[in-house]
Amino acid sequence: SKPALIATPAPGADAGAAMPPALRLGRVSGGAHLGKKVVYRSSSVELGMYDDKRWTERPDEYVRRSISAALFDTERATQSLSGGSATLDLELLAFEEIVQKDKPSKGRVSLRYSLHDEQSVLVSDVVTVEIDAPSADTDKVVRAISEALSQVSEQVAERVSVRLDRATKTAER
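Counting from 1, position 113 in the sequence shown corresponds to residue 113 in the numbering used here; the numbering is continuous, with no gaps.
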């Protein structure tokens, strides 16, 4: 028979401290327009893609890493790979530069999240953050988008962890 895997606290950790709630990171998807080309928006109805500016990975991969760090590296949740734990699904709605005439560029990230268990949705919402870029230089815009992603991930992680804590406390009663 195989030995059982037993979770033990890290060296120096408080053995009496409660384990963070379990969470499975589910589907992370992005719109078809969010491929490797950098997207820009010049109005609420006009979207374009740069032919000469590309991401090294698809934006949804950046989102997966950022939200994983915000949830699991900070120990807001323990990563579960299967089973009956709550699942977080994410849909990337915007990962773009906002270009406005006579105004500085901005980086925008918008993320729809849904935390659910096997029976119901516990919480869902859309979080959008826009960050001003100091100039329209590509590296400055990329940094603004990166900062927007970081802030969106932190906001989602905080909301999800609060809801998970509440669900865990309700289940313990």
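Using N, Cα and C, we set each Cβ at its ideal position, and we do this for glycine too.
TODO: State the beta-bridge partners of PHE95 as determined by DSSP.
DONE: Note: PHE95 is bridge-paired with VAL109 in the DSSP secondary-structure output.
Open item on the list: One question on the structure: do SER146 and ALA70 come within less than 8 Å of each other, judged by their Cβ atoms?
Closed with: No, the Cβ-Cβ distance between SER146 and ALA70 is not below 8 Å.
- [ ] Could you give the DSSP three-state label for LYS140: helix, strand or coil?
- [x] Correct three-state label for LYS140: helix.
Open item on the list: Would you say the beta carbon of LEU122 is closer than 7 Å to some non-hydrogen atom of the ligand SAM?
Closed with: Absence of the ligand SAM from the depicted structure is noted, as is the absence of any ligand whatsoever, leaving it without description.
Open item on the list: Would you say ASP52 lies against chain D (beta-carbon separation less than 8 Å)?
Closed with: Note that chain D does not occur in the displayed structure, where there is just one protein chain.
- [ ] Identify which residue in VAL127, VAL45 and LYS37 has its Cα closest to the Cα of ASP51.
- [x] Checked all of VAL127, VAL45 and LYS37; the closest Cα to ASP51 is LYS37.
Open item on the list: If I measure Cβ to Cβ from THR8 and keep anything under 8 Å in the same chain, skipping five residues before and after, which residues do I get?
Closed with: Because the pLDDT of THR8 is 44, which lies under 50, any placement of that residue in the model is unreliable, and the number read from its coordinates should be weighed accordingly. There are no such residues.
- [ ] Report the three-state DSSP secondary structure of LEU81 (helix, strand or coil).
- [x] Note: LEU81 maps to coil in three-state DSSP.
TODO: State the start and end residues of the unbroken beta strand (DSSP E) segment that holds ALA27.
DONE: The amino acid at residue 27 is misidentified as Ala; the sequence shows Arg. Segment 22-30, the beta strand (DSSP E) holding ARG27.
Open item on the list: Determine whether the beta carbon atoms of ALA63 and LEU149 lie at a separation below 8 Å.
Closed with: The question names Ala, but residue 63 is Val in the sequence shown. Cβ atoms of VAL63 and LEU149: closer than 8 Å.
TODO: Pull up the distance between the alpha-carbon of ILE131 and that of VAL99, whole angstroms please.
DONE: Going by the C-alpha atoms only, they are around 12 Å apart.
Open item on the list: Using only the alpha-carbon positions, how far apart do ALA94 and THR168 sit?
Closed with: Between the alpha carbons of ALA94 and THR168 lies a distance of about 32 Å.
Open item on the list: In this structure, how does DSSP classify PRO45 when only helix, strand and coil are distinguished?
Closed with: What sits at residue 45 in the sequence shown is Val, not Pro. Here VAL45 carries a coil assignment [DSSP, helix/strand/coil].
Open item on the list: Beta-carbon within less than 8 Å of PRO104's beta-carbon, same chain only, minus the 5 sequence neighbours each way: which residues are those?
Closed with: Counting only residues of its own chain and dropping the five nearest sequence neighbours on each side, PRO104 has a CB closer than 8 Å to the CB of ASP132, ALA133, PRO134, SER135 and ALA136.
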